[in-house]
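Under our numbering, the residue at position 162 of the sequence shown is numbered 159, and the numbers go up by one with no gaps. Each remark here refers to the structure printed beneath this line.
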Amino acid sequence: MTSTPLYLRTGLAELSRDYDAFIIDLWGVMHDGVTAFPDAVACLRELKKANKAVAILSNAPRRAASVAERNADLGIPADLADLVWSSGEATWRHLDARPDRWYQELGRRCFHLGPERDRGMRVGLDYDFVEEIADAEFFLDTGILDSNHDLAHYQDMLGAALARGLPMVCANPDLEVIRGGRRELCAGAVAQAYADLGGEVRYHGKPDPLIY
């Protein structure tokens, strides 16, 4: 058996000469949910000076414009990225266009699980957003309602959705995130729990190749 040497890089400076474009993750790379990392912002500035194309790709379950606005609030200037894209944007566009049979068969009545900050995902979509699982034809999962919740808080909800055979659209496959040093469950943890029960889940975002 032959071994393949592993080369560890100390930063993007070593790679910048060899590539014309970079896809940069957001949470945990550019910021921690509370503030931007100064060295990461400085890196984007250097890439821009070198005329490299930069796309920021996030599993945030929100529209891309909303993510870009939040980045600016955290200290990541909008002009440092040529493109900001998110799993939420991909989800919204699939819900809007219904590009395949799976989406075309979802129905109109949607139960949305997610915090208040994700309500922008509903804007512009031609669906009826219902307050009860019993009234829904499908389930949109953008995350937990409260950062203090664990999965046990949602077991009854998932059981009721499973009993109705509701398909779930997950707008963030991540299982958890570190927000300001504290672990917090993401939409992907709820989706995984639903899939483990036997529920049908459609994911958008990394690591699905389509997001790239």
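Even glycine gets a Cβ: it sits at the ideal position worked out from N, Cα and C. Quick caveat: nothing in here was measured; it's all calculated off a predicted structure.
Quiz item: Expressed to the nearest angstrom, what Euclidean distance is found between the alpha-carbon atoms of D138 and M165?
Solution: Here the question's residue 138 lines up with position 141 in the sequence shown. Here the question's residue 165 lines up with position 168 in the sequence shown. Counting only the Cα atoms, M165 lies some 7 Å from D138.
Quiz prompt | Contact the stretch 81 to 97 vs the stretch 105 to 124: 3+ CB pairs below 8 Å | solution = The answer is yes - the stretch 105 to 124 touches the stretch 81 to 97, with three or more Cβ pairs under 8 Å.
Quiz item: Between the Cα of E43 and the Cα atoms of S13, R67, I53, which residue gives the shortest distance?
Solution: Stepping through the sequence shown from its first residue, residue 43 is reached at position 46. When each option's Cα is compared against that of E43, the closest is S13.
Practice problem: Assuming V81 contacts A50 (C-beta within less than 8 Å), just tell me the rounded distance between them. | Solution: One-based indexing of the sequence shown puts residue 81 at position 84. One-based indexing of the sequence shown puts residue 50 at position 53. Going by Cβ atoms, the distance from V81 to A50 rounds to 13 Å, so no, they are not a contact pair.
Practice problem: Using three-state DSSP, classify R42 as helix, strand or coil. | Solution: Numbered from 1 along the sequence shown, position 45 holds the residue referred to as residue 42. Helix.
Practice problem: Report yes or no: do three or more beta-carbon pairs, one from the stretch 31 to 48 and one from the stretch 145 to 165, lie closer than 8 Å? | Solution: Touching, no, given that fewer than three Cβ pairs across the two stretches are closer than 8 Å.
Self-check item: Reference A10, options G25, D22, P58, D36, closest by Cα
Solution: Counting from 1 along the sequence shown, the entry for residue 10 is found at position 13. The residue among G25, D22, P58, D36 with its C-alpha nearest the C-alpha of A10 is D36.
Quiz item: With C-beta atoms as the reference, is L23 less than 8 Å away from S55?
Solution: Translated into positions along the sequence shown, residue 23 becomes position 26. Translated into positions along the sequence shown, residue 55 becomes position 58. Less than 8 Å separates the beta-carbon of L23 from that of S55.
Quiz item: Is it true that the CB of L148 sits closer than 8 Å to the CB of L194?
Solution: As a working mapping, residue 194 is identified with position 197 in the sequence shown. As a working mapping, residue 148 is identified with position 151 in the sequence shown. Taking 8 Å as the Cβ cut-off, L194 and L148 do not qualify as a contacting pair.
Practice problem: Consult DSSP for D125 and reduce its assignment to one of helix, strand or coil. | Solution: Here residue 125 is taken as the residue at index 128 of the sequence shown, counted from 1. Of the three classes helix, strand and coil, the one that applies to D125 here is strand, per DSSP.
Quiz item: Taking just the CA atoms, how far does A75 sit from A69?
Solution: The residue you call residue 69 lines up with position 72 of the sequence shown. The residue you call residue 75 lines up with position 78 of the sequence shown. Rounded to the nearest angstrom, the two C-alpha atoms are 6 Å apart.
Practice problem: On a CA-only basis, which of H28, T(-1), A18, T1 is nearest I175? Give me that one, please. | Solution: Reading the sequence shown from its first residue, position 178 is the one you call residue 175. Closest by C-alpha distance to I175, out of H28, T(-1), A18, T1, is H28.
Quiz item: Around the Cβ of T88, are there at least 16 other Cβ atoms within 10 angstroms (buried) or fewer (exposed)?
Solution: Residue numbering aside, residue 88 sits at position 91 when the sequence shown is read from its first letter. With a threshold of 16 other beta carbon atoms within 10 Å, T88 meets it and is buried.
Quiz item: With C-beta atoms as the reference, is A240 less than 8 Å away from S63?
Solution: Only positions -2 to 209 of the chain appear in the structure, and residue 240 is not among them; the question remains open.
Quiz item: Do A33 and G72 have their C-beta atoms closer together than 8 Å?
Solution: As a working note, residue 33 is residue 36 in the sequence shown. As a working note, residue 72 is residue 75 in the sequence shown. Yes, the pair counts as a contact, with Cβ atoms nearer than the cut-off.
Quiz item: If you draw a straight line from the alpha carbon of V198 to that of A188, how long is it in whole angstroms?
Solution: Taking the first residue of the sequence shown as 1, we reach residue 198 at position 201. Taking the first residue of the sequence shown as 1, we reach residue 188 at position 191. Cα-Cα distance, rounded: 7 Å.
Quiz item: Cα separation between G202 and M118?
Solution: The count along the sequence shown starts at 1 and reaches residue 202 at position 205. The count along the sequence shown starts at 1 and reaches residue 118 at position 121. The alpha-carbon atoms of G202 and M118 are separated by roughly 15 Å.
Quiz prompt | A39 versus V120: straight-line alpha-carbon distance, rounded | solution = To locate residue 39, count along the sequence shown from 1; it is residue 42. To locate residue 120, count along the sequence shown from 1; it is residue 123. Straight-line Cα distance between these residues: approximately 34 Å.
Self-check item: C-beta contact flag for R179 and D115 at 8 Å
Solution: Taking the first residue of the sequence shown as position 1, residue 179 is located at position 182. Taking the first residue of the sequence shown as position 1, residue 115 is located at position 118. A distance of 8 Å or more separates the beta carbons of R179 and D115.
Quiz item: For D147, does the three-state DSSP call read helix, strand or coil?
Solution: Position 150 of the sequence shown, counting from 1, holds the residue named residue 147. D147 falls in the coil class under three-state DSSP.
Exercise. Ignore the nearest five residues each way along the sequence and tell me which others in I20's own chain have a CB closer than 6 Å to its CB.
Key: Sequence index remark: in the sequence shown, residue 20 carries index 23 (1-based). Exclusion of the five residues before and after I20 leaves A52, L54 as the residues of its chain whose Cβ lies within less than 6 Å of its Cβ.
Practice problem: Locate the alpha helix (DSSP H) running through V187, then write down its first and last residues. | Solution: What you label residue 187 is simply residue 190 of the sequence shown in a count that begins at 1. Per DSSP, the unbroken alpha helix (DSSP H) holding V187 starts and ends at 184 to 194.
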